[in-house]
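No gaps in the numbering here: position 149 of the sequence shown is 149 in the working numbering, and each next residue is one more.
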Amino acid sequence: MTDLQNPRILRAEIRAQRFTGPTSGVGGDALQANLVILPEAEAAAFLRFAQANPQPIPLLAVGAPGDPSLPSLGNGIDLRHDLSRYRVWHDGALVGEPADIADLWRDDLVSFAIGCSFSFEDALVQAGLPVRHQSAGRNVPMYRTNIPTRPAGPFEGPVVVSMRAMPAAAAIEAVQICASLPLAHGAPVHLGDPALIGISDIMTPDYGDAPVIEEGDIPVFWACGVTPQAAILAAKPAFAITHAPGYMLVTDIPAGQAERRLRGVHARPGA
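Right under this line is the structure:
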């Protein structure tokens, strides 16, 4: 049986298009990453946007123009092939969700790898906490909120959040676990009533699948790396590529080591 908990094996399966699903629950304890790819002309403004909003957009690495590798995150990573689903944007409109972007790659493209909440799910599971979308075989639910980002250049928009429902005691423990993982969005941004952050129907997420909520659960919301996709809708760059929500780049770095190994390099082009 293929070991999908090994990040390098998982990336090879994705590259061969034998694994085509969301990456929650696979990759073991590896740090996972959202992806934004923009022409160099827009990259400086997006970098400022990310730096102004470190909780929803924690930068892990920034690629050099035209380079699809991110060597600080894993040996042999090739962003043209190593995600199981991408999104392609023209003038802020979603125009496709391919499984490979080799035919779209350009010499002026700059890649941004952004921390992902999937990176702390292994720690939650190891602590015996429920991760209900994993157990149900679903993608995590994600929602646009009324929480604003800090704008930079043309980039602005609402914070997007992911949600995991769990009993209150488990939520307290989850806060403690995640607070030590800032490159995976850190502690939750909200617990409880979704209406307070602008979510009118928790059963109808803007991205991902409908949540699994059991009796006695409270919803727990984390900042989400889909936030840049909301900003792309506002900025309307002529061309952009992102990951499809839930379909992440799985790196070689254990999530618990990310802060030590990436400190000081994650905002340097080519890192």
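Think of the CB as a built atom: it goes at the ideal place given N, C-alpha and C, for glycine as much as any other residue.
Asked                                                                                                                       : Found
Range covered by the beta strand (DSSP E) that runs through Gln17                                                           : Careful: Gln17 lies outside any beta strand (DSSP E) and carries neither H nor E.
Straight-line Cα distance separating Ser24 from Ala295                                                                      : Residue coverage of the chain in this structure runs from 1 to 271, which leaves residue 295 outside it and unanswerable.
The segment 121-134 in contact with the segment 80-95 per 3-pair CB rule at 8 Å                                             : no
Where the alpha helix (DSSP H) through Val175 begins and ends                                                               : Ala168 to Ala179
Secondary structure of Ser135, DSSP reduced to three states                                                                 : helix
Three-way DSSP call (helix, strand, coil) for His266 in this model                                                          : Since pLDDT at His266 reaches only 45, below the 50 mark, its modelled position is unreliable, and the value read off the structure follows with that caveat. Three-state DSSP puts His266 in coil, outside helix and strand.
C-beta atoms of Gly96 and Leu233 nearer than 8 Å                                                                            : no
Candidates Asp217, Tyr207, Trp89 and Phe120, of which the one nearest Tyr143 by Cα                                          : Tyr207
Beta-carbon contacts of Pro68 that lie in its chain and below 6 Å, excluding the five residues immediately before and after : Asp78, Leu79 and Arg80
Within 8 Å, strictly: CB atoms of Ile37 and Ile197                                                                          : no
First and last residue of the uninterrupted alpha helix (DSSP H) at Ile218                                                  : Taken as a continuous stretch (DSSP letters only), Ile218 belongs to no alpha helix (DSSP H), being part of the beta strand (DSSP E) at Asp217 to Ala223.
Distance, Ala102 Cα to Ile213 Cα                                                                                            : 39 Å
Local Cβ density within 10 Å of Arg260, reported as buried at 16 or more and exposed below that                             : exposed
Test item: CB-CB of Ala238 and Gly153 under 8 Å                                                                             : no
N-terminal and C-terminal residue of the alpha helix (DSSP H) that Thr227 is part of                                        : Thr227 to Ala235
Of the residues Val131, Leu35 and Gly246, the one placed nearest Ala61, counting alpha carbons only                         : Leu35
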